[in-house]
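In what follows, a structure is listed as structure tokens, so that the remarks can point back to it.
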Amino acid sequence: MNTPKPKSPLQDALANVPTDYRNRIIKSYLELKARQAEAKHDAAGVSAGKLCETVVRLLQHELKKTVTPFGQQISNFAGECESFSQVPKAMGNESLRIVIPRALNYLYTLRNKRGIGHAGGDVDANAIDGATITRVADWIVCELIRIFHTMSLEEADALVSSLSSRDIPDIWEVGGKKRVLRNDLDFKQKTLLLLYASVESAVLAEDLYSWSKYSNFAVYRKSVLGQLDTGNFVEYDRESDTVIISPIGIKCVEEEILRTPVRAVANHSLKRASRKRAAA
Numbered sequence: 001m002n003t004p005k006p007k008s009p010l011q012d013a014l015a016n017v018p019t020d021y022r023n024r025i026i027k028s029y030l031e032l033k034a035r036q037a038e039a040k041h042d043a044a045g046v047s048a049g050k051l052c053e054t055v056v057r058l059l060q061h062e063l064k065k066t067v068t069p070f071g072q073q074i075s076n077f078a079g080e081c082e083s084f085s086q087v088p089k090a091m092g093n094e095s096l097r098i099v100i101p102r103a104l105n106y107l108y109t110l111r112n113k114r115g116i117g118h119a120g121g122d123v124d125a126n127a128i129d130g131a132t133i134t135r136v137a138d139w140i141v142c143e144l145i146r147i148f149h150t151m152s153l154e155e156a157d158a159l160v161s162s163l164s165s166r167d168i169p170d171i172w173e174v175g176g177k178k179r180v181l182r183n184d185l186d187f188k189q190k191t192l193l194l195l196y197a198s199v200e201s202a203v204l205a206e207d208l209y210s211w212s213k214y215s216n217f218a219v220y221r222k223s224v225l226g227q228l229d230t231g232n233f234v235e236y237d238r239e240s241d242t243v244i245i246s247p248i249g250i251k252c253v254e255e256e257i258l259r260t261p262v263r264a265v266a267n268h269s270l271k272r273a274s275r276k277r278a279a280a
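Taking UniProt numbering, I'd label the letters of the sequence shown as residues 1 to 280.
Now the structure itself:
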């Protein structure tokens, strides 16, 4: 007897979105996330375009009842996004009519006009553009969940929060704590990775000490946080005892830590998965 494949949490969260739109949104969004995580910026841009085009058709379905068929090009994407603001208020809430279309137009423009995968120039903007595309896509999907979800408010909020956070497989969140699942990193690298996972807010030094499992708090402050601060990898505010990662620290994580192959960890994960399949 075949065991039915479990549904994605996104399938439940977007259950009120018509099936064809829902499946296409989820497929293109997950492709975008996976491709961006692999630094495949060209491919991520393609997925972003597909996501935009599907969400615009969903808005047409919800607000206008006349939909551009899949397979037929939306001739004036920016104009179509702007047209939703002219739809009567009774047809849909403000986010569907105004906010989401503007986000879609920005995302589509960035993906097309900036030329993801572009070469030349003094600064390689591929990674920056790719990260921006991913964050805007996160917001769009989160907003669709907020509007269409059939989950409880608590469940929807938790899912939205998880979608809005950085997807870092090397960080494990458990019981209100964070753990680094990399044995090849020193404590400075672990600290940067933990801060990268909370890039938009400062983190208590005490939390970082606890999460990294360093043995002595005073020494950790001096030898880890102090040296990272001296090198401008972080900003360590000793008055509030909080730490936030700097652009230099972010670059270090993205270019040196996240891209470091960990063959032993990968092999262990594959063996564990094989054992689970064999026992099933």
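Ideal placement from N, C-alpha and C gives every residue a C-beta, glycine not left out.
Pair within 9 Å by beta-carbon distance, residue i and residue j
| i | j | result |
| --- | --- | --- |
| I26 | L58 | no |
| L107 | F84 | no |
| R221 | A202 | no |
| T245 | L195 | In the sequence under discussion, the amino acid at residue 245 is Ile, which differs from the Thr named in the question. Result yes, Cβ atoms of I245 and L195 sit closer than 9 Å. |
| V253 | L192 | yes |
| V55 | L144 | yes |
| A13 | A156 | yes |
| K251 | Q227 | no |
| R111 | A48 | yes |
| G45 | I133 | yes |
| K178 | W139 | no |
| I258 | D184 | For the sequence presented, residue 258 should be read as Leu rather than Ile. Taking 9 Å as the Cβ cut-off, L258 and D184 do not qualify as a contacting pair. |
| K190 | V174 | no |
Collapsed DSSP secondary structure at residue i in the structure displayed
| i | result |
| --- | --- |
| I74 | coil |
| V55 | helix |
| V243 | strand |
| A202 | coil |
| G92 | coil |
| S152 | coil |
| T68 | coil |
| N183 | coil |
| V17 | coil |
| S215 | coil |
| K40 | coil |
| V87 | coil |
| L258 | coil |
| Y29 | helix |
| V224 | helix |
| K276 | Residue placement at K276 cannot be trusted, given a pLDDT of 43 that sits under 50; the coordinates are not used to answer. |
Boundaries (first-last residue) of the alpha helix (DSSP H) holding residue i
| i | result |
| --- | --- |
| E235 | No alpha helix (DSSP H) holds E235; the beta strand (DSSP E) holding it covers 234–237. |
| P9 | 9–13 |
| K190 | 187–196 |
| Q227 | 227–230 |
Whole-number beta carbon distance between residue j and residue i, since they are thought to touch under 8 Å
| i | j | result |
| --- | --- | --- |
| V219 | L225 | Rounded, the Cβ-Cβ distance is 10 Å, inconsistent with contact. |
| C81 | L96 | At roughly 12 Å, the Cβ-Cβ gap does not stay under 8 Å, so C81 and L96 are not in contact. |
| V141 | Y29 | 5 Å |
| V17 | F148 | 5 Å |
| A137 | L10 | That belief does not hold up - the Cβ atoms of A137 and L10 are roughly 13 Å apart, past 8 Å. |
Range of the contiguous beta strand (DSSP E) that encloses residue i
| i | result |
| --- | --- |
| K178 | 177–180 |
| E173 | 171–174 |
Cβ-heavy atom distance, residue i to the ligand HEM, below 8 Å
| i | result |
| --- | --- |
| T109 | The ligand HEM is not among the ligands present in this structure, which contains no ligands whatsoever. |
Does the region 27–34 come close enough to the region 66–79 that 3 or more CB-CB pairs lie under 8 Å?
-> Touching, no.
Validate contact between the region 128–141 and the region 38–55 using beta carbons, cut 8 Å, 3 pairs = Yes: the two stretches touch, three or more of their Cβ pairs being nearer than 8 Å.
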